[in-house]
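Trainee: Here it is, the structure in full.
Numbering (the working numbering), first residue to last: 1434 to 2035.
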């Protein structure tokens, strides 16, 4: 019964495949050789195209590099935004140098140099490179085409050189005092600044040819800064019309004729007319003295009244040494005919002209080494951009001739200057640096003459230099009108180069930018720590000016930089330790290259 459901085949022979392909299907021997042979043609095309494309790729890269070099070279020599033969020839020369004709068997071509837009040089080149294997397939060459633009990203450049001109700059690099000019640090500094100028002069010329500018300002510093002329050029009103100096008050007296108050009086009766100076501590004041001519227990009594005043009078009596508010309105103009308000009777009545060194505006005595970087609201001296708007925010002229030793009580009636504090100060304690110069374009001769005028004297107040370097470079404050963020439509890059040959070194008895600290106590408040307090002010000012997008370079010459100096530089590449004259010159040249490099964009 199961056989009924089994499928059975029909009797007979199996049918054989017919034709060539049928036989190939039937017999697969040797098929691999045929398949490989058939595949060789497209495989050869693929390999050949890869080789030819690789050659074309290398040629295109070399061609692009040559094009870039040509565009940059052409733009570098372009002046007044004019495309001329000089530009075209220079671009073509660089192109042919970097991609000689026929390189990679390319077809001959001539680069095209054009100016598609303002301040831009465009170079284009079109050529072909022959194929090798791909020519078997009808492709005899491959096209190569490059285009590149070079635009000079002009940047106006302002640089303020803050230069340590303290007494140690008269030494040699080993710290030995020397009178040999060639070995003095101040001489090396002059040479280095001139080398810096020479490095930047071609850039200055090119910027000026395109209506832009490169300017240099200079702030020599020691215990103060000579910035009076700069302040006055911004506005004479920024200088105070009066200021309190540690000085002295001349007391004069006038006497009435004796008045006889009785003819027969005892000593006690006569002395009852005696009157002590009233008021005792202000002027004008009066006193009465008695005299008893003749002899005997009872005799005449004469009373004389004496009047004392601060105004000039008949007879010079004595000096009172004290802080004194003096009128500076004429002195600050530079006049040499200013009456000395504390003049010695019988001597000259006029002062020499103001030398331009200043006392700073109001500050606070609370800044210590732990104060951080936030400038207190009352520290107007550290506020870079504060324009004077009150007596407290104005600068005051240093007035050396009116300083006197603040001894207690009435002093000698002598008419000599024996108590003049100015005469007791040595040169380092009353140093006034060379006049600072605002940002300007210099000629080499002018700069050379100016550098020759630098005087090395005084103690080292780093905060003095950084405060005024910051003011000179700032786009705000009293020089804002002359320091815009853009000039002729292009931005301004700002730099401070701060050079010092020593660590901060102050003196409480020096007549500095903050007066005489042992007397005025404007920085310490009488609590000591003067060096550390000035050091913190320096750190605050460095931080403030860097926050205004100013790049700070610091050079420590013949000394190791302190932590504050290292911290002041904008980055680790902008702090340098220099040991000798040649290295100082090389460093200034290197900084010049970094600052003045042309910025070319593609």
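Glycine included, every Cβ here is placed at the ideal spot set by N, Cα and C.
1. Any idea if residue 1442 is buried or exposed, counting beta-carbon neighbours within 10 angstroms, 16 or more meaning buried?
2. Please go through the same chain and pick out, in chain order, the residues whose beta-carbon is closer than 6 Å to the beta-carbon of residue 1872, but skip the five residues on each side of it.
3. Are the CB atoms of residue 1687 and residue 1740 nearer to each other than 8 Å?
4. Please report how far the alpha carbon of residue 1677 lies from the alpha carbon of residue 1604, in whole angstroms.
5. Less than 8 Å between the CB atoms is what I'm expecting for residue 1574 and residue 1562, so what's the real figure, rounded?
6. Do residue 1655 and residue 1987 count as a contact pair if the criterion is CB distance below 8 Å?
7. Does the segment 1886-1901 touch the segment 1938-1945, meaning 3 or more C-beta pairs lie closer than 8 Å?
8. So, helix, strand or coil for residue 2029, using DSSP?
9. Kindly indicate which residue of 1609, 1553, 1514, 1652 has the alpha-carbon position closest to the one of residue 1929.
10. Can you list, in chain order, the residues of its chain whose CB lies under 8 Å from that of residue 1495, leaving out five sequence neighbours each side?
11. To the nearest angstrom, how far is the alpha carbon of residue 1717 from that of residue 1946?
12. Grab me the residues of residue 2023's own chain with a C-beta within less than 7 Å of its C-beta, minus the 5 sequence neighbours each way, in chain order.
13. Do residue 1932 and residue 1401 come within 8 Å of each other at the CB atom, strictly closer than that value?
14. By the DSSP assignment, the beta strand (DSSP E) with residue 1991 in it spans what residues?
15. What are the boundary residues of the beta strand (DSSP E) that residue 2075 is part of?
16. Note down the Cα distance separating residue 1905 from residue 2010, rounded to an integer number of angstroms.
17. What residue range is occupied by the uninterrupted alpha helix (DSSP H) comprising residue 1720?
18. Can you name the start and end residues of the beta strand (DSSP E) that residue 1755 belongs to?
19. Report the CB separation of residue 2036 from residue 1597 in whole angstroms; it is logged as a contact under 8 Å.
20. Report the rounded CA-to-CA distance for residue 1767 versus residue 1644, giving the unit in angstroms.
21. What is the DSSP secondary structure of residue 1898, counted as helix, strand or coil?
22. Thinking C-alpha only, which one of 1836, 1558, 1669 is nearest residue 1758?
23. Report yes if the CB atom of residue 1900 is closer than 8 Å to the CB atom of residue 1815, and no otherwise.
24. Take residue 1763 as the anchor and find which of 1803, 1708, 1670, 1800 has the nearest alpha-carbon.
25. Quick one: which unbroken beta strand (DSSP E) runs of 3-plus residues sit fully inside the segment 1918-1949? Chain order, please.
26. For residue 1865, which of helix, strand or coil comes out of DSSP?
27. Residue 1559 lies in the beta strand (DSSP E); which residues open and close that run?
28. For residue 1704, does the count of other Cβ atoms within 10 angstroms reach 16, so buried, or fall short, so exposed?
29. On a Cα-Cα basis, can you pick out the residue from 1486, 1913, 1791 that is closest to residue 1576?
30. Name the one or two DSSP bridge partners that residue 1985 has.
31. Give the DSSP-derived three-state secondary structure of residue 1589 in the structure shown.
32. Does residue 1660 pass the burial test, meaning 16 or more other C-beta atoms within 10 Å, or should it be called exposed?
33. Measure the Cβ-Cβ separation of residue 1791 and residue 1909 and say whether it is below 8 Å.
34. Got a sec? Which residues, its chain only, sit under 8 Å from residue 1719 by beta carbon, not counting five neighbours each side?
35. Buried or exposed for residue 1866, please, with buried defined as at least 16 other CB atoms from any protein chain shown within 10 angstroms of its CB.
36. Buried or exposed for residue 1973, please, with buried defined as at least 16 other CB atoms from any protein chain shown within 10 angstroms of its CB.
Mentor: With the given structure in hand:
1. Walking along the chain shown from the start, residue 1442 turns up at place 9. Any reading at residue 1442 must be qualified, since the residue scores a pLDDT of 46, below 50, and its modelled position is unreliable; the value itself is stated next. It counts as exposed.
2. As a position in the chain shown, residue 1872 is number 439, starting the count at 1. Same-chain partners within the cutoff: 1591, 1648, 1650.
3. As a working note, residue 1687 is residue 254 in the chain shown. As a working note, residue 1740 is residue 307 in the chain shown. In contact: residue 1687 and residue 1740 (Cβ atoms closer than 8 Å).
4. On the chain shown, residue 1677 is found 244 positions in, with the first residue counted as 1. On the chain shown, residue 1604 is found 171 positions in, with the first residue counted as 1. Taking C-alpha positions only, residue 1677 is separated from residue 1604 by approximately 36 Å.
5. Position 141 of the chain shown holds residue 1574. Position 129 of the chain shown holds residue 1562. At roughly 6 Å, the Cβ-Cβ gap stays under 8 Å, so residue 1574 and residue 1562 are in contact.
6. What you label residue 1987 is simply residue 554 of the chain shown in a count that begins at 1. What you label residue 1655 is simply residue 222 of the chain shown in a count that begins at 1. No Cβ-Cβ contact shorter than 8 Å links residue 1987 with residue 1655.
7. Judged by Cβ distances under 8 Å, the segment 1938-1945 makes contact with the segment 1886-1901, as three or more pairs qualify.
8. Mapped onto the chain shown, residue 2029 falls at position 596. DSSP places residue 2029 in helix when its eight states are reduced to three.
9. What you label residue 1929 is simply residue 496 of the chain shown in a count that begins at 1. Comparing Cα-Cα distances from residue 1929 to each of 1609, 1553, 1514, 1652, the minimum goes to 1652.
10. Along the chain shown, one-based indexing puts residue 1495 at 62. So the list reads 1531, 1532, 1536, 1537, once near-sequence residues are dropped.
11. Within the chain shown, numbered from 1, the residue matching residue 1717 stands at position 284. Within the chain shown, numbered from 1, the residue matching residue 1946 stands at position 513. Taken atom to atom, the span from the alpha-carbon of residue 1717 to that of residue 1946 is near 34 Å.
12. Locating residue 2023 in the chain shown gives position 590, where the first residue counts as 1. In its chain, beyond the 5 residues on either side, no residue has a beta carbon closer than 7 Å to the beta carbon of residue 2023.
13. The shown model of the chain, from 1434 to 2035, leaves out residue 1401, and the question about it has no answer.
14. Here residue 1991 corresponds to residue number 558 of the chain shown, with the count starting at 1. Segment: none, residue 1991 is in no beta strand (DSSP E) and carries neither H nor E.
15. The structure shown has nothing for residue 2075, since the chain only spans 1434 to 2035.
16. As a working mapping, residue 1905 is identified with position 472 in the chain shown. As a working mapping, residue 2010 is identified with position 577 in the chain shown. Spanning the alpha carbons of residue 1905 and residue 2010 requires a straight line of approximately 25 Å.
17. Against the chain shown, residue 1720 aligns to sequence position 287. That residue, residue 1720, is in no alpha helix (DSSP H); its beta strand (DSSP E) goes 1718-1724.
18. Along the chain shown, read from residue 1 onward, the residue named residue 1755 stands at position 322. Under the DSSP assignment, residue 1755 falls in the beta strand (DSSP E) whose first and last residues are 1748-1760.
19. The requested residue 2036 is not part of the displayed model; the chain covers only 1434 to 2035.
20. Position 334 of the chain shown holds residue 1767. Position 211 of the chain shown holds residue 1644. Our two residues, residue 1767 and residue 1644, have alpha carbons roughly 36 Å apart in a direct line.
21. By one-based count along the chain shown, residue 1898 stands at place 465. Residue state for residue 1898 is assigned as helix, using DSSP reduced to three classes.
22. For the purposes of this step, residue 1758 is identified with residue 325 of the chain shown, where counting begins at 1. Ranking the options by Cα distance to residue 1758, first place goes to 1836.
23. Residue mapping note: residue 1900 aligns to position 467 of the chain shown, counting from 1. Residue mapping note: residue 1815 aligns to position 382 of the chain shown, counting from 1. It is a contact, given that the beta carbons lie within the stated cut-off.
24. On the chain shown, position 330 is the one that residue 1763 refers to. If we check each option's Cα against that of residue 1763, 1670 comes out closest.
25. Within the segment 1918-1949, the runs of beta strand (DSSP E) at least 3 residues long that lie entirely inside it are, in chain order, 1923-1933.
26. Taking the first residue of the chain shown as 1, we reach residue 1865 at position 432. Of the three classes helix, strand and coil, the one that applies to residue 1865 here is coil, per DSSP.
27. The residue labelled residue 1559 in the question sits at position 126 within the chain shown. In the DSSP annotation of this structure, the continuous segment of the beta strand (DSSP E) that includes residue 1559 starts and ends at 1553-1563.
28. Position 271 of the chain shown holds residue 1704. With a 10 Å radius around the Cβ and a threshold of 16 neighbouring Cβ atoms, residue 1704 comes out exposed.
29. Counted from its first residue, the chain shown places residue 1576 at position 143. Checking every option, the nearest Cα to that of residue 1576 belongs to 1486.
30. Numbered from its first residue, the chain shown carries residue 1985 at position 552. Paired residue(s): 1929.
31. Translated into the one-based positions of the chain shown, residue 1589 becomes position 156. In this structure, residue 1589 counts as strand in the three-state DSSP scheme.
32. Numbered from its first residue, the chain shown carries residue 1660 at position 227. The residue is buried, with at least 16 neighbouring Cβ atoms inside 10 Å.
33. For this step, residue 1791 is matched to residue 358 along the chain shown. For this step, residue 1909 is matched to residue 476 along the chain shown. Note that the C-beta distance between residue 1791 and residue 1909 is not below 8 Å.
34. On the chain shown, position 286 is the one that residue 1719 refers to. So the list reads 1708, 1710, 1711, 1738, 1739, 1740, 1741, once near-sequence residues are dropped.
35. Within the chain shown, numbered from 1, the residue matching residue 1866 stands at position 433. The residue in question, residue 1866, is buried, as its Cβ has 16 or more Cβ neighbours within 10 Å.
36. Here residue 1973 corresponds to residue number 540 of the chain shown, with the count starting at 1. Residue environment analysis places residue 1973 among the buried positions, since at least 16 neighbouring C-beta atoms fall within 10 angstroms of its C-beta.
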